[in-house]
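S.K.: Could you have a look at this structure, given as structure tokens, before my questions?
Protein chains: 2
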Amino acid sequence: MSVRQRAKRRAPARSESERQAKLQTILDAALDIFLEKGFADARLDDVAARAGVAKGTLYLYVPSKQALFEALVRSGIGGPVRAIEQKVPDPDISAEDQLRGLFLFLRTEILGTRRRDIVRLLLMEASRFPELAEVYHREVIVRGLRILRCIAERGVARGEFRSDEIARFPQLAIAPALVALLWTSLFQRFDPIDIEAMLEAHLMLLMKALKGHPS
Amino acid sequence: MSVRQRAKRRAPARSESERQAKLQTILDAALDIFLEKGFADARLDDVAARAGVAKGTLYLYVPSKQALFEALVRSGIGGPVRAIEQKVPDPDISAEDQLRGLFLFLRTEILGTRRRDIVRLLLMEASRFPELAEVYHREVIVRGLRILRCIAERGVARGEFRSDEIARFPQLAIAPALVALLWTSLFQRFDPIDIEAMLEAHLMLLMKALKGHPS
DNA sequence: GTACACTGACTGTCCAGTCAGTCATTTTGC
DNA sequence: GCAAAATGACTGACTGGACAGTCAGTGTAC
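Sequence order for the protein chains is A and B. Its first residue numbered 1, the first sequence is counted upward by one per residue in the working numbering. Its first residue numbered 216, the second sequence is counted upward by one per residue in the working numbering.
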């Protein structure tokens, strides 16, 4: 009885994969807490509790609260952009379908997942972490906009699109996704909108504008 | 000499207008500090120093740090929406020109002023102040979207617009303004874009899409 | 028996909010 | 007129609590 008194203790995470798994547990917990309270108000005691470890353990995986935040953000960016970069060069697909594919990807791989929350957290804290803002800009924004511009330019070159606004300002094409992101976290609770239908409407508008025919 | 030793002391602010002026000084200082550090990291000592008063004085104008933040946000919203609501009902102006007027107003009265920073601050902190998010939604978002929807519906009713997407999702029309707001504060520093040209391009796209002709 | 992942009580710092005190100005008493 | 007393806006040193980061100690695996 006395031997079993104190609950089973996890085996020490020796192997690299066990270490990575535990780090991920900590990052997941940190995301929850940071989302709920914001960076400054988040307590590492709470992060530790949610991850099921003691506070000291956090410092075996991450050297400071700020580093924890940065690790969290870095773990959530980059992957999807690479995935898209591979799919885009296909020249058999019309620019329209490429844009549609991109939006589908956005919806299912970002807006519909935990990554959405990471992006939101980043947007909220970025002005206090200029270095992180720069990383995100370089690794995600620049590359994402390049893809969009590439699609738009090809559309123009083939005569599929008659307008070059998206090639000049690819930001315009993803702006509604940003609205969707923020609306979801701020207002959806008391004024729900159908995000999917909104993005669909945006695509329709965009196609009408780019192709220059009446529907 | 000994009499003049200590600098002139402000005369006590007795009248209501003097009190309001000092409150405004404090709110301005608070906006600077909150923008720089975020709500949680902002120190009231710094706010007081920037406003040129002692910390205790803040508490003669505002009961708590949170109340200071709320007063700051409330002081910056509402005004412009009312101004627009008065201008819109004019039926002599085409829907297109109404939209253009709205965007001009956005650029000059919000994106080009201190209000932009208040909105940014609000967006960043809103998830930690749900009540404030609700006030902002009710006082600004709902009313702003109503105006947009109204313009879009009139455009459709007159046959000026052939698409109803903006009437269904007025958010789509202002999405680029949100991008402009965030880009300015996060990335403009190392990747400047021409906000005005971007909003102009958005209007062109929107018009092409709504009117359904080639340019 | 030792190496090492893990623990959690502890420490030093930071800051929101307080309040006894200061000092122009106004009012009262003569 | 003028001194003394009252007023109240303003001050800033102080307090109490909170929390990031530490480290001596514990238990487990091998």
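The beta carbon of each residue, even a glycine, is placed where N, CA and C say it ideally should be.
Can you find a C-beta in chain B that's less than 8 angstroms from the C-beta of K55 (chain A)?
M.R.: By this cut-off, K55 (chain A) is not an interface position.
S.K.: Which residues in chain A sit within 8 angstroms of L397 (chain B), going by Cβ to Cβ distance?
M.R.: Within 8 angstroms Cβ-Cβ: L123, L178.
S.K.: Cβ closer than 8 angstroms: which chain A residues qualify as neighbours of E349 (chain B)?
M.R.: Here the neighbours are F190.
S.K.: Can you pull the chain A residues whose beta carbon is under 8 angstroms from the beta carbon of A416 (chain B), in chain order?
M.R.: Under the 8 angstroms cutoff, chain A gives E165, R168, F169, L172.
S.K.: What residues of chain B sit near A152 (chain A), judged by a beta carbon separation below 9 angstroms?
M.R.: Going along chain B, no residue has its Cβ under 9 angstroms from A152 (chain A), so there is no contact; the nearest lies around 11 angstroms.
S.K.: Do L338 (chain B) and S127 (chain A) have their C-beta atoms closer together than 8 angstroms?
M.R.: No.
S.K.: Measuring only between beta-carbons, confirm whether I356 (chain B) sits less than 8 angstroms from chain A.
M.R.: Closer than 8 angstroms: yes.
S.K.: Going along chain A, which residues have a C-beta under 7 angstroms from D261 (chain B)?
M.R.: What D261 (chain B) touches in chain A: nothing, since even the nearest Cβ is about 15 angstroms away.
S.K.: If you measure from the beta carbon of K237 (chain B) to each beta carbon in chain A, is any gap under 8 angstroms?
M.R.: Not one chain A Cβ lies under 8 angstroms of K237 (chain B).
S.K.: Strictly below 9 angstroms CB to CB, what residues from chain B border S127 (chain A)?
M.R.: L250, E251, G253, R335, M339, S400, L401, listed in chain order.
S.K.: I410 (chain B) and A390 (chain B): beta carbons closer than 8 angstroms?
M.R.: No.
S.K.: Give the straight-line distance between the Cα atoms of F169 (chain A) and K55 (chain A), rounded to the nearest whole angstrom.
M.R.: Roughly 46 angstroms between the two C-alpha positions.
S.K.: Quick check: the Cα distance between E285 (chain B) and L347 (chain B), rounded to an integer number of angstroms?
M.R.: Whole-angstrom Cα-Cα distance: 7 angstroms.
S.K.: Shortest alpha-carbon distance to A388 (chain B) belongs to which of B:L317, B:D305, B:P345, B:R331?
M.R.: Cα-wise, what sits closest to A388 (chain B) is B:L317.
S.K.: With three or more beta-carbon pairs closer than 8 angstroms as the criterion, would you say the stretch 137-145 of chain A touches the stretch 353-368 of chain B?
M.R.: The stretch 137-145 of chain A, when compared against the stretch 353-368 of chain B, does not touch it at the 8 angstroms Cβ threshold.
S.K.: Using three-state DSSP, classify K211 (chain A) as helix, strand or coil.
M.R.: Looking at K211 (chain A) - three-state DSSP - the assignment turns out to be helix.
S.K.: Tell me whether Q281 (chain B) sits in a helix, a strand or coil according to DSSP, three-state version.
M.R.: Helix, per DSSP.
S.K.: Please look up how many angstroms separate the CB atoms of V262 (chain B) and L273 (chain B), rounded, as I've assumed it's under 8 angstroms.
M.R.: Their Cβ separation, rounded to whole angstroms, is 7 angstroms, which keeps V262 (chain B) and L273 (chain B) in contact under 8 angstroms.
S.K.: Compare the C-beta of A372 (chain B) with all C-beta atoms of chain A and state if any pair is closer than 8 angstroms.
M.R.: No, no contact with chain A.
S.K.: My parser needs the alpha helix (DSSP H) runs of 4 or more residues fully inside the stretch 238-311 of chain B; what are they?
M.R.: Correct list: 259-266, 270-276, 280-291, 294-302.
S.K.: In angstroms, rounded to a whole number, what distance separates the CA positions of L121 (chain A) and K211 (chain A)?
M.R.: Rounded to the nearest angstrom, the two C-alpha atoms are 36 angstroms apart.
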